[in-house]
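S.K.:
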Amino acid sequence: MGSLIPFTRPDGQTAQGWLETPAGDSASAPGLVVIQEWWGLNDQIKGVAHRYAEAGYRVLVPDLYRGRCTLDAQEAEHLMTGLDFADAASQDVRGALQWLQAGGSPRVGVTGYCMGGALTLLSTVFCPEADAAAAWYGFPPLAYLDPARIRAPLLGHFATQDAYFPVAQVAELEALMAQAGVRFECHRYEAKHAFANELAVPPHCPPTNAYDPAAAALAWDRTLDFLGRHLATADR
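Take 1 as the starting number for the sequence shown in UniProt numbering and just add one per residue.
#1: Go ahead and label I150 buried or exposed: buried means 16 or more other beta carbons lie within 10 angstroms of its beta carbon, across all protein chains shown.
#2: For T70, I'd like the list of residues in its chain whose CB is within less than 8 angstroms of its CB, leaving aside the five on either flank, ordered along the chain.
#3: I need the straight-line Cα distance from T81 to Y144, nearest angstrom please.
#4: Quick check on the DSSP output: what are the complete beta strand (DSSP E) runs of length 3 or more inside the stretch 69-142, in order along the chain?
#5: Identify the continuous beta strand (DSSP E) that holds A191 and give its terminal residues.
#6: Return helix, strand or coil for E174, following the three-state DSSP convention.
#7: Check whether the stretch 89-109 and the stretch 50-70 are in contact - that is, three or more C-beta pairs closer than 8 angstroms.
#8: With DSSP as the reference, please indicate the residues paired to W39 in a beta bridge.
#9: Quick check on the burial criterion: 16 or more other C-beta atoms within 10 angstroms. Buried or exposed for L119?
#10: Measure the alpha-carbon distance for A102 versus P203 and round it to whole angstroms.
#11: When DSSP labels each residue in this structure, what does P147 get in the three-state scheme?
#12: Assuming L97 and V33 are in contact, meaning their beta carbons sit under 8 angstroms apart, how far apart are those beta carbons, in whole angstroms?
#13: The beta strand (DSSP E) that contains R58, what's its start and end?
#14: State buried or exposed for L231, treating a residue as buried only when at least 16 other CB atoms are found within 10 Å of its CB.
#15: If you draw a straight line from the alpha carbon of D235 to that of S105, how long is it in whole angstroms?
#16: Kindly list the residues whose CB is nearer than 7 angstroms to the CB of T14, restricted to its own chain and excluding five residues on each side of it in sequence; keep chain order.
#17: Are at least three pairs of beta-carbons, each pair with one atom in the stretch 129-142 and one in the stretch 155-173, less than 8 angstroms apart?
#18: Could you pull the start and end residues of the beta strand (DSSP E) that A4 belongs to?
#19: For W18 versus G2, is the C-beta distance shorter than 8 angstroms?
#20: Whether or not the stretch 172-180 and the stretch 196-213 are in contact is what I'm after, with contact meaning three or more pairs of Cβ atoms, one per stretch, closer than 8 angstroms; do they touch?
Here it is as structure tokens:
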């Protein structure tokens, strides 16, 4: 069972995050920072963290909203709009990566969903500690990315019917990464936004979102394969 723990950001401030650890001697297990959707640090994202822990990772989910979460889409949008993305990536996410490293994880990665997907890509710019990153149906405005600073291999899962992150922009993202020589493994799914969130079913979500079990399972398997290749080996 997970627990809320404090960790220190690079600027010295204290943040909190939800920690999940694998069974047995986990001190030297690879580390993974999981980044929330726009809802906050809720039970659903804690469950995602638990699944990654069951797969063998030490997992830390930074509490980006400082204890706040919501079920209302308008309130979620308000919380997300008030978040400083650069600060979240360079301080909260980086601090979480550093905490996992200090605790014994020889290699660390980042993965995130929706808003967390956008922050995952930003984190590869701001966090040199990241050895791999997997973004799920989310990316920041492309002008905010500096692919020349990205060293970690990337994995992307995107939905062809995504109303928030248009699939046409995924091609632009791919081209941007290719021009900079970034290793970017990109997959598209015939699905809507939030296809891996099991709570994305009526009446719990807007009609733009829809859980797709088949797409979710395929993306999950691809993610575990990707993380296994890049976090369980010595070569970046």
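Cβ atoms here follow ideal geometry from the backbone N, Cα and C, with glycine treated the same way.
M.R.: In brief:
#1: The residue labelled residue 150 in the question sits at position 150 within the sequence shown. Label assigned to I150: buried.
#2: On the sequence shown, residue 70 is found 70 positions in, with the first residue counted as 1. Excluding sequence neighbours, T70 sits near W39, G40, A76, L79.
#3: Taking the first residue of the sequence shown as 1, we reach residue 81 at position 81. Taking the first residue of the sequence shown as 1, we reach residue 144 at position 144. Approximately 16 angstroms between the Cα atoms of the pair.
#4: 108-113, 132-136
#5: Looking up residue 191 in the sequence shown gives position 191. Where A191 is concerned, the enclosing beta strand (DSSP E) stretches over 184-192.
#6: Along the sequence shown, read from residue 1 onward, the residue named residue 174 stands at position 174. Residue state, collapsed to three classes: helix.
#7: yes
#8: Mapped onto the sequence shown, residue 39 falls at position 39. BP columns for W39 are empty, so no partner.
#9: Taking the sequence shown and counting its residues from 1, one reaches residue 119 at position 119. Buried: at least 16 other Cβ atoms inside 10 Å.
#10: Walking along the sequence shown from the start, residue 102 turns up at place 102. Walking along the sequence shown from the start, residue 203 turns up at place 203. When rounded, the distance between both Cα atoms is 42 angstroms.
#11: Translated into positions along the sequence shown, residue 147 becomes position 147. Helix.
#12: Here residue 97 refers to the residue found at position 97 of the sequence shown. Here residue 33 refers to the residue found at position 33 of the sequence shown. Their Cβ separation, rounded to whole angstroms, is 6 angstroms, which keeps L97 and V33 in contact under 8 angstroms.
#13: Position 58 of the sequence shown holds residue 58. Its beta strand (DSSP E) spans residues 58-62.
#14: On the sequence shown, residue 231 is found 231 positions in, with the first residue counted as 1. Buried, because 16 or more other Cβ atoms sit within 10 Å of the Cβ of L231.
#15: Translated into positions along the sequence shown, residue 235 becomes position 235. Translated into positions along the sequence shown, residue 105 becomes position 105. Since pLDDT at D235 reaches only 45, below the 50 mark, its modelled position is unreliable, and the value read off the structure follows with that caveat. Cα to Cα, D235 sits roughly 15 angstroms from S105.
#16: As a first step, residue 14 is located in the sequence shown; it is residue number 14 there, counting from the start. Scanning its chain for C-beta atoms nearer than 7 angstroms, with the 5 sequence neighbours on each side dropped, one finds around T14 the residues P6, T8, in chain order.
#17: With the rule of 3 Cβ pairs closer than 8 angstroms, the stretch 129-142 counts as touching the stretch 155-173.
#18: Along the sequence shown, one-based indexing puts residue 4 at 4. In the sequence on display, residue 4 carries Leu and not Ala. Unbroken beta strand (DSSP E) run through L4: 3-8.
#19: Here the question's residue 18 lines up with position 18 in the sequence shown. Here the question's residue 2 lines up with position 2 in the sequence shown. Contact flag set, yes.
#20: no
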